[in-house]
Every structure is written in C-alpha cells, then in structure tokens.
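Since the structure comes first, as structure tokens, the remarks are kept for the end.
Number of protein chains: 2
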Amino acid sequence: MPEEVENTEQAEERPEVVELEALRAENEGLIAENEELIDTLQRVKAEFDNYRKRAARDQEGLVARAGERIVKELLPVLDDLERALEAAHAHEEAKLEEGVELVHRQLEQILEREGLSPVATDGMFDPHVHEALLTQPSAAEEGSVIEVLQKGYRFGDRVLRPARVVVAGPREGSASNGDEG
Amino acid sequence: MPEEVENTEQAEERPEVVELEALRAENEGLIAENEELIDTLQRVKAEFDNYRKRAARDQEGLVARAGERIVKELLPVLDDLERALEAAHAHEEAKLEEGVELVHRQLEQILEREGLSPVATDGMFDPHVHEALLTQPSAAEEGSVIEVLQKGYRFGDRVLRPARVVVAGPREGSASNGDEG
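Those protein sequences? They're chains W and L, same order as listed.
With the first letter of the first sequence counted as 1, position 10 gets the number 11 in the working numbering; the numbers rise by one all the way through.
With the first letter of the second sequence counted as 1, position 123 gets the number 124 in the working numbering; the numbers rise by one all the way through.
Next comes the structure, spelled out in structure tokens:
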C-alpha cells in the first residue's frame, strides 16, 4: 500500500505525464482551431460562390438596364420623327423642317450625354482622328483639312469613327489629285 | 545498472508513454492541417478579393461598352438626319421627306434590335399596357381603344411606356366624355 502511494506520486511528477497533459490540452485547442478554420473556409467559399452568381446576374441586369436607359431616352426622338413624317405626308414643309431640326438636336444631345463628341476638323490632318480620302491641290496650307466628307466621333477618349476628310496637297502645280490617304 | 535497464524497458511499455507518442504524432498532424487550412483560407480570400475588384472593373466596362455599341449604331442615323437637314435648307422637299423616312426606319430597326417593341392598340383597353386619357361615346365596342394619342412601347417583357389612348364609352346617349381613366 505505501508502495502504491509512492508510485502514484512518482507518476504525477514524471515529465512524460506533465507533457501528456500539456499535449492533450494543446491537441484540444488545435482541434477547436481546425474546426473553426474549416467553418470559416466553408463560409468564405459559400460567400464567394454567392458573390459570383450575384455578379453574373448583376452584369446581365446592368447591360440590360444600360440598353433600356438609352432606348427610353430615344423614345421622344422616335415620337418627334413620327410627327415630322405626319407633317411631311400633309405637305406641311415648315413644320417638317422644324421637326427634323428638333429631332437632330435631341439625338445630338442624347448621344453627347452618353459620351459622344465630334472630332475637330478645323486644322491640320491628324491620322489619329482623321482618315484622308483625297489629297487635293489647294490654296490652304499643305496638310490641312479642307473638306469633311463624313464627320468623325469620339466616345469618351476613344475614336469611335475617324472623320473622313480631304487634305490640302502642295500649293504648286504638281497636283496629286485622287491619292488615297 | 540492471535496475536502470529494467526502468527503461518499463518506461517504454508504460501506457502514458505510448499515449505520449500518439499525441505527439497527432499534434504534428493537427499543426500541419492547421497551417494548410490557414494557407487555403488566405488563398481563397485573396481570390475573392481579386474577383471582387475584377468584377467591379468588368461591370464598368460592360456598361460603357453597351453604351458605346448603341451610340455607334446611331451614328448613321445622325449622319442621315444631317443630310436631311441639308436637303431642308436647300428646299429639296422630296429629298427631305425621303431622308426623314429613312431615318425613322433606321431608328425603329435599331431600337427593335435592342429589344423595343410597340404595344398593340387594336383591341380592348388593357390597363397593363394602356393608359386611358379619355373615354368617349363611340360606335365602337365599349372599352375598346378608339384612338392612340401616344404610342406605347415594351422593352423586353417590361412596359417601358404605356400607350396613351382614348377608350370607347357606352354606346347610349349618356356619354362620359372627358373622364380620366
């Protein structure tokens, strides 16, 4: 009996028993931490998944709404065009001309609000925004734009369509009429 | 010396030592698992973050592109309107009328491609797509649309603008002319 007591006391003081207790506690902590990490990971993954699905839906919606917004803005233009057509069919020429001017102004304003702006053509030929369809001998400075065949437009900072222009050639008699730019 | 040997042998067989070994191994496994989970979590979080940033950029781009596409389609309409205006200023009435008809057709086609469709008005009044501005005594069936004051349009399956119409009242003399729908 005294032997047993001594054995027990020795066991509790033995370093491996102390380490055993510490390891058990540490393992419990690690298991709890792991479970928490797995929970967090599953939650983040689920959030990510939902976000992905929502983003795809949102994108479709955004594109549809962007289209709808512009289309809605264009309805008055369509209305006024129809009114102009009625004036044309009734041979009300003044009303027709007025109507066309109104429609033109409206459409220009809508497109401007969307980000459209005309390309400047009152100066030298600029290959970034102009397309030279012809070079013609001219009294104007060589290389300057002398005629606009089709207006050019930017959308935001990009050139949506270059202006198609005629460029002044050399002033001398040796005209290079008809050259493609 | 023989005592020591015996002690060592006893130690190796003691259950707490066996458990100690198992716990140490388990501990190492748990720590490794833990590190892996933290790595995975950080990776998923970083992916999520990047996805979020990219999605925001993509959305801006999508909306801008949707606008740009429609604006680009409308450039020929603007060109033809300008040509019609030139005809108007030159008093070329036939050319002006032709031009307006062309512009109207173009704009209608573009908007149709975008998803616009006119609301039908050749039948009974339908509060889902019509707005009754007037009820007038009429030879037509009571409740039928007898005049369209402004065309209505759907965009996809939504009513973008109801058609503003005049509705036939009762055929009898007790006309309810002027009622708001």
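All residues carry an ideal CB built from backbone N, CA and C; glycine is no exception.
Min CB distance residue i to chain W below 7 angstroms
{"i": "Glu148(L)", "result": "no"}
{"i": "Lys1(L)", "result": "With chain L covering 2 to 182 only, the question about residue 1(L) has no answer from this structure."}
{"i": "Glu98(L)", "result": "yes"}
{"i": "Glu7(L)", "result": "Bear in mind that a pLDDT of 49 at Glu7(L), under 50, signals an unreliable position, so the number given afterwards is only what the model happens to contain. Chain W, which has no Cβ nearer than 7 angstroms to the Cβ of Glu7(L), makes this no."}
{"i": "Val167(L)", "result": "no"}
{"i": "Gly62(L)", "result": "no"}
{"i": "Asn178(L)", "result": "Only weak support is given to the placement of Asn178(L): the predicted model assigns it a pLDDT of 48, under 50, and the value that follows is read from those uncertain coordinates. No, Asn178(L) does not count as interfacial toward chain W."}
{"i": "Ala85(L)", "result": "yes"}
Within chain W, the residues that residue i reaches when beta carbons sit closer than 7 angstroms
{"i": "Ala56(L)", "result": "Ala56"}
CB of residue i within 7 angstroms of CB of residue j, strictly
{"i": "Val146(L)", "j": "Thr122(L)", "result": "yes"}
{"i": "Ala85(L)", "j": "Gly100(L)", "result": "yes"}
{"i": "Glu94(W)", "j": "Glu94(L)", "result": "yes"}
{"i": "Glu27(L)", "j": "Val18(W)", "result": "no"}
{"i": "Leu42(W)", "j": "Leu31(L)", "result": "no"}
{"i": "Tyr154(W)", "j": "Arg162(W)", "result": "yes"}
Beta-carbon separation (whole angstroms), residue i vs residue j, contact threshold 8 angstroms
{"i": "Ala56(L)", "j": "Ala56(W)", "result": "5 angstroms"}
{"i": "Glu132(W)", "j": "Ala169(W)", "result": "Not quite, the Cβ-Cβ distance comes to about 15 angstroms (not below 8 angstroms), so this is no contact."}
{"i": "Val104(L)", "j": "Leu112(W)", "result": "Not really, about 14 angstroms apart at Cβ, beyond 8 angstroms."}
{"i": "Gly157(W)", "j": "Gly116(W)", "result": "5 angstroms"}
{"i": "Leu76(W)", "j": "Leu108(L)", "result": "10 angstroms between Cβ atoms; not a contact."}
{"i": "Asn51(L)", "j": "Glu34(W)", "result": "So it is not a contact: roughly 27 angstroms between Cβ atoms."}
{"i": "Leu150(L)", "j": "Val130(L)", "result": "Contact doesn't hold; Cβ gap of about 14 angstroms is too wide."}
Chain W contact residues for residue i, given Cβ-Cβ distances below 8 angstroms
{"i": "Leu103(L)", "result": "In chain order: nothing, as chain W lies at least about 11 angstroms away."}
Proximity test, residue i beta-carbon vs the ligand MG heavy atom, cut-off 6 angstroms
{"i": "Arg53(W)", "result": "The model on display carries no ligand, and the ligand MG is accordingly not part of it."}
Cβ of residue i within 7 angstroms of any chain L Cβ
{"i": "Leu183(W)", "result": "Residue 183(W) is absent from the model: chain W starts at 2 and stops at 182."}
{"i": "Ala89(W)", "result": "yes"}
{"i": "Glu4(W)", "result": "Unreliable placement is indicated for Glu4(W), whose pLDDT of 47 sits below 50; the coordinate value is still reported in the next sentence. Not an interface residue."}
{"i": "Phe156(W)", "result": "yes"}
{"i": "Val18(W)", "result": "yes"}
{"i": "Ala47(W)", "result": "no"}
{"i": "Ala67(W)", "result": "yes"}
{"i": "Glu93(W)", "result": "no"}
Within chain L, the residues that residue i reaches when beta carbons sit closer than 8 angstroms
{"i": "Val78(W)", "result": "Leu108"}
Interface residues of chain L facing residue i [CB-CB closer than 9 angstroms]
{"i": "Gln151(W)", "result": "Asp80"}
Item to check | Interfacial residues, the segment 20-38 of chain W to chain L, with Cβ spacing under 8 angstroms | outcome: Glu20, Leu21, Leu24, Arg25, Glu27, Asn28, Leu31, Ile32, Glu34, Asn35, Leu38
Item to check | Cβ-based contacts, 8 angstroms cut-off: residues of the segment 102-124 of chain L near chain W | outcome: Within the segment 102-124 of chain L, the qualifying residues are Glu102, Val104, His105, Leu108, Glu109, Leu112, Glu115, Gly116, Leu117.
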